[in-house]
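Peer 1: One structure, pasted below without further comment.
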Amino acid sequence: MPEFLQNFDIRNEFVHLLNISQTCILPKPSADNYRVVLTTLTGADDDEFQLISYYRYLIVLVQYMMHHDYCVGYELVGDCTNFTLGTVKKMNPVIIHKALTMIVQALSAKLAQRLVIHNNLESLYEHIPKQHLPKDLGGGLKTMNELSERTFKEVCTDEHLAVVKRMETATTDESCRPTAKFNEEYSGTPGSFKTLCVD
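Read in order, the letters of the sequence shown are residues 1 to 199 in the UniProt record's numbering.
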């Protein structure tokens, strides 16, 4: 899916995304050493915004964190307080389906249990300490706008752009992949299996 993982123009392609949302990597990790990525909506509408740009921006942030950070894992927090109908109408069902397909494949039952919906800030504070959050969410850090701008400047550095370009060239050599032949004995599944459980 090259529309998710290739042909990044980081300095220019996220202008419309940054008009309607602010996304940052919080400077302090959680108590369990998880890095927190926080997204809030500004409440503005931008007719040029496409949801795929948010997923692409998350890929850029993950590449940045993998290159610069040593943490146990990542937590993604989305604040939907300023969600508008203008944003809803820009959601392309085909893109959402592709994204959900990728997420579901990677999401085991154990991971699905880790999805938490917070109805208020007090509930969020139970998972992420208040002092680790921006002022906009009642925390002790800088404002969300300042943190978002700082994060964007970091992913726009020449060093990170070179990392992204290098990662875009990382592909598999399909000529080395064994050709699959239909095998009636194993219901058409190629390979050798000692045990196979198909749902």
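For glycine and all other residues, C-beta sits at the position ideal for the given N, C-alpha and C.
Following the continuous alpha helix (DSSP H) through Glu-122, name the residue where it begins and the one where it ends.
Peer 2: 121 to 127
Peer 1: Would you say Val-116 and His-132 are within 9 Å of each other, going by their C-beta atoms?
Peer 2: no
Peer 1: Can you give me the Cβ contacts of Leu-124 inside the same chain, cut-off strictly under 8 Å, excluding the 5 residues immediately before and after it?
Peer 2: Hits under 8 Å: Val-77, His-118, Leu-133, Leu-137.
Peer 1: Consider the C-beta atom of Ser-175 and the heavy atoms of the ligand HEM; say whether any pair is separated by less than 8 Å.
Peer 2: Of ligands this structure carries none, so the ligand HEM is not represented either.
Peer 1: With distances taken Cα to Cα, identify the nearest neighbour of Val-129 among Leu-5, Glu-13, Asn-33.
Peer 2: Sequence inspection shows Pro at residue 129; the Val mentioned does not correspond to that position. If we check each option's Cα against that of Pro-129, Asn-33 comes out closest.
Peer 1: With three or more beta-carbon pairs closer than 8 Å as the criterion, would you say the stretch 145 to 158 touches the stretch 20 to 39?
Peer 2: yes
Peer 1: Provide the residue span of the beta strand (DSSP E) that contains Val-77, from first to last.
Peer 2: 73 to 79
Peer 1: In this structure, does DSSP put Ile-117 in helix, strand or coil?
Peer 2: coil
Peer 1: Taking Cβ positions, are Ser-114 and Met-65 nearer each other than 9 Å?
Peer 2: The displayed chain sequence assigns Arg, not Ser, to residue 114. The criterion of a C-beta distance shorter than 9 Å is not satisfied by Arg-114 and Met-65.
Peer 1: Ile-59 and Leu-17: beta carbons closer than 9 Å?
Peer 2: no
Peer 1: Exposed or buried, Gly-73, counting other C-beta atoms within 10 Å across all chains shown (16 or more means buried)?
Peer 2: exposed
Peer 1: Quick one, which of Gly-43, Arg-56, Val-94, Leu-51 has its alpha-carbon nearest Cys-80's?
Peer 2: Gly-43
Peer 1: Would you mind sorting Ser-175 into buried or exposed? The rule is 16 or more other CB atoms within 10 Å of its CB.
Peer 2: exposed
Peer 1: Which of the three DSSP states, helix, strand or coil, is assigned to Ser-108?
Peer 2: coil
Peer 1: Can you tell me the Cα-Cα spacing of residue 278 and Asn-19, whole angstroms?
Peer 2: The structure shown has nothing for residue 278, since the chain only spans 1 to 199.
Peer 1: Please classify Arg-56 as buried or exposed, where buried requires at least 16 other C-beta atoms within 10 Å of its C-beta.
Peer 2: The residue is buried, with at least 16 neighbouring Cβ atoms inside 10 Å.
Peer 1: Could you name the residues of the same chain whose beta carbon sits closer than 7 Å to that of Arg-11, not counting the 5 residues immediately before and after it, in chain order?
Peer 2: Within the same chain, and ignoring the five residues on either side of Arg-11 in sequence, the residues whose Cβ sits closer than 7 Å to its Cβ are Cys-156.
Peer 1: First and last residue of the alpha helix (DSSP H) that includes Thr-84?
Peer 2: Run containing Thr-84: none; DSSP gives neither H nor E here.
Peer 1: Which of the three DSSP states is assigned to Leu-61 in this structure?
Peer 2: helix
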